[in-house]
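In this note's numbering, the protein residues as written are 54 to 243. C-beta atoms are modelled at their ideal positions from N, C-alpha and C, and glycine is treated no differently. Just so it is clear, the structure is predicted and the values come from calculations on it, not from any experiment. Worksheet for the structure shown next.
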Ligand SMILES: Cc1cc2nc3c(=O)[nH]c(=O)nc-3n(C[C@H](O)[C@H](O)[C@H](O)COP(=O)(O)O)c2cc1C
């Protein structure tokens, strides 16, 4: 698929069928993650989850937060939309044990920039392969204070889940998107 076509076809998808992406396509998506502009200051890990049992555990944890009667942001299950593949990016958040607080904060700004590029590269590669995707934060934030869930998802000790993306096939028709200039105002400094 041509790059411009990939850009206009990329869309967050929340309905999946059961078809499992091939190992080759999953590997291409992981390679895309590694081709992102990664600053070599940070420690990352990718967990490729296809276990329904592990996904259900994460769904249960998310339901405790987003399904609670008094939830600030209320969202129904399934948080992973029954997608067959869930890729979690985890990493070591910088803190005062390795650098003064202000420097650790600066490194974390840098870290989260990396996180965005890694996830986006995977989303664009998935789109190019004819696969649907959606960035997922609900089941990521639900892992805070849940070492049992992090362990089940093979997140290394000392790492936090930072972002994630689901991948799979959809029966929905993917429409080409239009650029919406109102999304981000632009100014030119000449
Ligand atoms: C940081 C981040 C977290 C997101 N978390 C979720 C999520 O938990 N559940 C969900 O359905 N979509 C999630 N999304 C998808 C966004 O809702 C979606 O990207 C946004 O609405 C724009 O739509 P588009 O991706 O189709 O352009 C997330 C996206 C980002 C960038």
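Skipping 5 residues on each side, what residues in its chain have a beta carbon closer than 6 Å to that of residue i?
i: residue 207; result: 100
i: residue 195; result: 114, 115, 118
Under 7 Å from any heavy atom of ligand 1, does the C-beta of residue i make it?
i: residue 91; result: no
i: residue 191; result: yes
i: residue 221; result: no
i: residue 211; result: no
i: residue 188; result: yes
Let's test the definition: count the other Cβ atoms within 10 Å of the Cβ of residue i and tell me whether it reaches 16, buried, or not, exposed.
i: residue 150; result: exposed
i: residue 69; result: buried
i: residue 111; result: buried
i: residue 142; result: buried
i: residue 203; result: buried
i: residue 183; result: exposed
i: residue 121; result: exposed
i: residue 93; result: exposed
Is residue i near ligand 3, in the sense that its beta carbon is under 7 Å from a heavy atom of that ligand?
i: residue 65; result: Ligand 3 is not part of this structure, which contains only ligand 1.
For residue i, collect the residues of the same chain with a Cβ closer than 8 Å to its Cβ; drop the 5 residues on either side in sequence, then sort them by chain order.
i: residue 157; result: 147, 148, 149, 151
i: residue 81; result: 178, 182
i: residue 133; result: 108, 111, 112, 139, 189, 192, 219
Less than 7 Å between C-beta atoms, sequence neighbours within five positions excluded: which residues of the same chain meet that for residue i?
i: residue 161; result: 146, 147
For the 8 Å Cβ check, are there 3 or more pairs between the region 163-171 and the region 115-131? By the Cβ rule, the region 163-171 does not count as touching the region 115-131, because fewer than three pairs are nearer than 8 Å.
Within 8 Å, do at least three Cβ pairs link the region 81-93 to the region 169-179? The region 169-179 vs the region 81-93: in contact.
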